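Chemist: Quick mapping for you: the protein sequence lines, in order, are chains A and B. Add 527 to a position in the first sequence, counting from 1, and you land on the number used in our numbering. Add 527 to a position in the second sequence, counting from 1, and you land on the number used in our numbering. Sharing a structure with you now.
Protein chains: 2
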Amino acid sequence: MVSDRSLEVLRVIVQDYIASREPVGSRSIVERYSFGVSAATIRNDMAILEEEELIVAPHTSSGRVPTDKGYRVFVDQLTDLRPLTSAQRQAIETFLGQSTDLDEVLARTVRLLSQLTHQVALVQYPTLGHSRIRHLELVPLSSTRVMIVLITDTGRVDQRIIEVSDSPVDDTFLAELRARLNSALGGLGLTGAAAALATFGDQFAPTRASVVAPIVSSLMELVVAGRQDKLLMAGAANLARTEEDFSGSIYPVLEAIEEQVTLLRLFGEMAPGPDGFSVSIGRENASFGLGETSVLTSGYTASGGDLARLGVLGPTRMDYSNNMAAVRAVARYLSRLLGDDHNDDGR
Amino acid sequence: MVSDRSLEVLRVIVQDYIASREPVGSRSIVERYSFGVSAATIRNDMAILEEEELIVAPHTSSGRVPTDKGYRVFVDQLTDLRPLTSAQRQAIETFLGQSTDLDEVLARTVRLLSQLTHQVALVQYPTLGHSRIRHLELVPLSSTRVMIVLITDTGRVDQRIIEVSDSPVDDTFLAELRARLNSALGGLGLTGAAAALATFGDQFAPTRASVVAPIVSSLMELVVAGRQDKLLMAGAANLARTEEDFSGSIYPVLEAIEEQVTLLRLFGEMAPGPDGFSVSIGRENASFGLGETSVLTSGYTASGGDLARLGVLGPTRMDYSNNMAAVRAVARYLSRLLGDDHNDDGR
DNA sequence: ATTGGCAGTCACGTTGTGTGAGTGCCAAGA
DNA sequence: TCTTGGCACTCACACAACGTGACTGCCAAT
């Protein structure tokens, strides 16, 4: 059976291997840590760990390296998150403290997270599920083209350009349409808006259909698509820095993370832990072409209770302790920032 | 002196080296090409080319490799651009043919270009210099926060959120302000708008200053910042695919291209050639941390004559012929698409 | 100007050898 | 039953020696 000391041994193996990228042997363990036992005993423990597939020996006669399963046990045991240094805390403050615009806040956040962890950082835009429509604008671009701008109370702006009929657009009618749309949809959640839109066209004369129909249907798409997420990334270069941690080239990894859809699926499938925190290690991500990377994510809440995730992605051999602390801290700070800032009245 | 045949030799050296990534020797040249002379003669030519620093021998006794200067001469001589295959032409059509939204067109363009060239593709957003203000929207977000949305006739949307005074915002006044701003600025170019804004605040009572002033100054920033460009990128993974073409790690390259500002400076400094096309090779980009990469760019015109650039970036050892053709073709197609599409009346 | 020939250089792949880190096992001790 | 020291064994790795082959540079002859 795997004793308490065995787990301790696993812990130091992971630690040393993370620090040095070299297989760690029994001898170096007794030298560096005071286990109070001899190397032979450590070897016995290591045999047990190997039995349990928590570590492996790359060659017959070399030190041991944690397996994915080993990392998993290590991470699950990791209760005492190394607190951030005061310098790191201050970095968070100064980095995020000033900005007000959602775009800017998230852009800064992703850069910050990348710098704190030296990994690829990811920040998901808040889903618009719970956000409400603040304003809706129709802007005539030309005689037959109209731009629709949708602004939600999270500060997010979506736009779309559409072609309306072949008859020239009537400006005054467009203004009327805008007014009606705003009064019909303003303040509604996106699901409510979709419902309202379904019958919205009925109040107009059929002759107007050529203008109203495409706008409504396009708006419908926009409202539905609003739930489809967007994602920021920073620090991709860090993958090249830690290139030796990948068996082959980093090409497939870069390719995988360039595809936003992949990352969004990954975010979606990561079981949100009790405190919104989740870790996915190595092969657990194999289906995304990311079998040699680990992903740490944490949820954060934007205004209106909208939930989104942020996190970091890096080689399986990463500094979990530090990175988990950073992800947690940033997620908390961001939640506070967005919550406090946007959570006002609603007019 | 460097004879005509010497230049031919340079050409085939570049060609072969690009194809094989191996130093090319005199022997393999006479085998593969019908120069009608012996290897020794080729060797003499190569000696001349080496004298001129167009090629170098990595080791005393190995084939030759083009220098940056050699690539430069090669590219400058390159008149017969390999025309795109019909498959490539069709890819352009089907890829870009359908979309109408500027964001979407550019997003598709950058992906397309990356796929055609297997390099990192870059597309700069049209500068707003020549574009005119189509519409301006003020949206109250809360009692003290207002979102400004600026829409130009290129279909670009910029927004910004600002904090206005400590007194609650007056909705009706905001509506009036919006109307006045639109009538004052609508249809103006950005430079004109900046001028108009300078005196815009004067028409309001001083008591309104706490609301008007921040909006006007923020709008001013937005108008000026409008010229600051934005940039899309795709295919960064390709750098990892051609990793062997970089002496060290690709880390510095990835790092450099992650910084949009760097790329924008690079775009800015690339002398636009006669037909708007420009090539920058190897060390010519050293100041950007891109001394081992080449950049091919071409200008394209959006509506209103606004000029922007697009291009590809890759290792110095790249297929110039193919990539130049692709960049040219895509730039032309994009110009036509944006020109035709957006260049309509203006109401 | 071109050519064939020839000597010289040097990267690279192969093979052989020693070295050291580290393991597994076992018998003895607590 | 757990721990320990000892010992034989394995094997990656670094290093040196050695061909081999692909070049080049030079030169005398055409």
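Glycine residues also receive a C-beta, built at the ideal position from the N, C-alpha and C atoms. Just so you know, these numbers come straight off a predicted model, no measurement behind them.
Just to confirm the assignment, what range does the alpha helix (DSSP H) spanning A:I678 have?
Modeler: Premise fails: A:I678 lies in the beta strand (DSSP E), 672 to 679, not in any alpha helix (DSSP H).
Chemist: Under 8 angstroms, CB to CB, which of the residues in the region 672 to 683 of chain B have a partner in chain A?
Modeler: Correct list: R672, M674, V676, I678, D680, G682.
Chemist: Is any heavy atom of the ligand GDP found at a distance shorter than 8 angstroms from the C-beta of B:Y544?
Modeler: Of the ligands one can find in the structure shown there are none, so the ligand GDP has no counterpart to examine.
Chemist: Is B:A732 helix, strand or coil by DSSP?
Modeler: Coil, per DSSP.
Chemist: Among A:N709, A:S776, A:L817, A:T828, which one has its Cα closest to the Cα of A:V839?
Modeler: Of A:N709, A:S776, A:L817, A:T828, the residue nearest in Cα terms is A:L817.
Chemist: Which class does A:R863 belong to by DSSP, given the choice of helix, strand or coil?
Modeler: Looking at A:R863 - three-state DSSP - the assignment turns out to be helix.
Chemist: With a threshold of 7 angstroms on Cβ separation, who are the neighbours of B:L749 within its own chain once the five nearest residues in sequence on each side are excluded?
Modeler: The answer, listed in chain order, is I675, L677, D685, R687.
Chemist: By Cβ distance below 7 angstroms, which residues in the same chain neighbour A:N870 in space, the five residues on each side in sequence not counted?
Modeler: Because A:N870 carries a pLDDT of 39, less than 50, the predicted location of this residue cannot be relied on, and no value is offered for it.
Chemist: I need the boundaries of the alpha helix (DSSP H) containing A:Y652, first residue and last residue.
Modeler: No alpha helix (DSSP H) holds A:Y652; DSSP gives it neither H nor E.
Chemist: Closest to A:D802 by CA distance: which of A:A634, A:A858, A:N849, A:D595 is it?
Modeler: Selected option, being the one with the closest Cα: A:A858.
Chemist: Threshold first: 3 residues or longer. Then list the beta strand (DSSP E) segments lying entirely within the region 825 to 856 of chain A, N to C.
Modeler: With a minimum length of 3 residues, the continuous beta strand (DSSP E) runs that stay inside the region 825 to 856 of chain A are 834 to 842.
Chemist: Which value, in whole angstroms, describes the spacing of the CA atoms of A:G719 and A:F601?
Modeler: One C-alpha to the other measures close to 45 angstroms.
Chemist: In the DSSP assignment, find the beta strand (DSSP E) that holds A:M760 and state where it starts and stops.
Modeler: Looking at the DSSP string, the run of the beta strand (DSSP E) that includes A:M760 is 758 to 761.
Chemist: Pull the bridge partners of B:D697 from the DSSP assignment, please.
Modeler: DSSP lists no partner for B:D697.
Chemist: Within 10 angstroms of the Cβ of B:H662, are there 16 or more other Cβ atoms? Answer buried if so, exposed if not.
Modeler: By the 10 Å Cβ count, B:H662 comes out buried.
Chemist: What number of angstroms, rounded off, separates the C-alpha of B:I789 from the C-alpha of B:F773?
Modeler: The identity of residue 789 of chain B in the sequence shown is Thr, whereas the question assumes Ile. One C-alpha to the other measures close to 19 angstroms.
Chemist: With DSSP collapsed to three states, give me the class of A:Q686.
Modeler: In the structure shown, A:Q686 sits in a strand (DSSP, three-state: E or B).
Chemist: Residues of chain B with a CB under 7 angstroms from the CB of A:S776: which are they?
Modeler: In chain order: A767, E770.
Chemist: Do B:A618 and B:L639 count as a contact pair if the criterion is CB distance below 9 angstroms?
Modeler: The answer is yes: Cβ separation under 9 angstroms.
Chemist: Strictly under 9 angstroms for the Cβ-Cβ distance: is B:V751 near chain A by that measure?
Modeler: Chain A, which has no Cβ nearer than 9 angstroms to the Cβ of B:V751, makes this no.
Chemist: Work out the CA separation of A:E819 and A:I540 for me, nearest whole Å.
Modeler: For A:I540 and A:E819, the distance between alpha carbons rounds to 19 angstroms.
Chemist: For A:E785, would you say it is in contact with chain B, using Cβ-to-Cβ distances shorter than 9 angstroms as the test?
Modeler: Yes, its Cβ sits closer than 9 angstroms to a Cβ of chain B.
Chemist: From B:Y860, B:R863, B:A853, pick the residue whose C-alpha is nearest to that of B:Q642; which is it?
Modeler: Checking every option, the nearest Cα to that of B:Q642 belongs to B:A853.
Chemist: So, at 7 angstroms on beta carbons, what are the nonlocal neighbours of A:T679 in its own chain, with the 5 sequence-adjacent residues on each side left out?
Modeler: The residues are L655, S658, R659, I660, R661.
Chemist: With distances taken between CB atoms, is the gap from B:L793 to B:V751 smaller than 9 angstroms?
Modeler: No, these two residues do not count as a Cβ contact at 9 angstroms.
Chemist: Compare the Cα-Cα distances from B:N812 to each of B:G716, B:V632, B:D595, B:A856 and report the closest residue.
Modeler: Here the closest residue by C-alpha is B:D595.
Chemist: Round the Cβ separation of B:F622 and B:R609 to the nearest angstrom and send it over; I've been treating them as touching at under 8 angstroms.
Modeler: Their Cβ separation, rounded to whole angstroms, is 20 angstroms, which puts B:F622 and B:R609 out of contact at 8 angstroms.
Chemist: Mapping DSSP to helix, strand and coil, what is A:L576?
Modeler: Of the three classes helix, strand and coil, the one that applies to A:L576 here is helix, per DSSP.
Chemist: My output table needs one value for A:I808: the three-state DSSP class, helix, strand or coil.
Modeler: If DSSP states are grouped into helix, strand and coil, A:I808 belongs with coil.
Chemist: Where A:Y778 and A:I742 are concerned, what is the direct C-alpha to C-alpha distance, given to the nearest angstrom?
Modeler: Roughly 42 angstroms between the two C-alpha positions.
Chemist: Would you say A:A662 reaches chain B, if we count a Cβ-Cβ gap shorter than 9 angstroms as a contact?
Modeler: For the sequence presented, residue 662 of chain A should be read as His rather than Ala. Closer than 9 angstroms: yes.
Chemist: Verify the CB distance criterion: does A:I500 have a CB-CB separation below 9 angstroms to chain B?
Modeler: Nothing in the structure corresponds to residue 500 of chain A, since chain A is present only between 528 and 874.
Chemist: Are the beta-carbon atoms belonging to B:Q651 and B:N765 less than 9 angstroms from one another?
Modeler: No.
Chemist: Can you give me the Cβ contacts of A:G762 inside the same chain, cut-off strictly under 7 angstroms, excluding the 5 residues immediately before and after it?
Modeler: Result list for A:G762: S641, Q646, V647, A648, in chain order.
Chemist: Between which two residues does the alpha helix (DSSP H) containing A:I777 stretch?
Modeler: Counting along the chain, A:I777 falls outside any alpha helix (DSSP H), and DSSP gives it neither H nor E.
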